[in-house]
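Presented below is the structure to which this report refers.
Laid out in structure tokens, this is it:
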């Protein structure tokens, strides 16, 4: 079974898997060496109620490689571009094991609730 697909975001291919329908969209944000598939089971449960997505940041999983280090603003801007490319409806609820500099992420993405 193939899940997800890669989207072109600013010249880089990023992987995203989307399930469910409705708003707010629940976005599982992998951090600390995790990839999107680490959240697959809980993401599918959330998709029973609303739009739910997992993704791989650049340099992880099925997304293209990227030079390091990267700022929180870089990662957040990349996520914002990916959500737009995949037509994931706002507003967003971000879920993650840990999100570095959450203010930078929220500012770059906008439309975050909860």
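Numbering (the numbering used here), first residue to last: 20 to 133. Each residue gets a CB set at the ideal place from its N, CA and C atoms; glycine is no exception.
Exposure of residue i, with buried meaning 16 or more beta-carbon neighbours within 10 Å
i	result
residue 55	buried
residue 101	buried
residue 75	buried
residue 33	buried
residue 144	This structure does not reach residue 144, given that the chain is present from 20 up to 133, and the question cannot be answered.
residue 52	exposed
residue 23	buried
residue 40	exposed
Inter-residue CB distance, residue i and residue j (contact presumed, cutoff 8 Å)
i	j	result
residue 77	residue 85	4 Å
residue 105	residue 35	5 Å
residue 70	residue 42	7 Å
residue 113	residue 61	With 8 Å as the limit, residue 113 and residue 61 do not qualify as a contact, their Cβ atoms being about 14 Å apart.
residue 44	residue 103	Actually they are not in contact, since the Cβ atoms of residue 44 and residue 103 sit about 12 Å apart, beyond 8 Å.
Under the three-state DSSP convention, the category residue i falls into
i	result
residue 120	Annotation note: pLDDT 47 at residue 120 (below 50); position unreliable, coordinate value reported separately. Coil, per DSSP.
#### Entry: Unbroken stretches of the beta strand (DSSP E), 3 residues or longer, contained in the stretch 32-112
Within the stretch 32-112, the complete beta strand (DSSP E) segments of 3 residues or longer fall at 44-47 and 71-74, listed in chain order.
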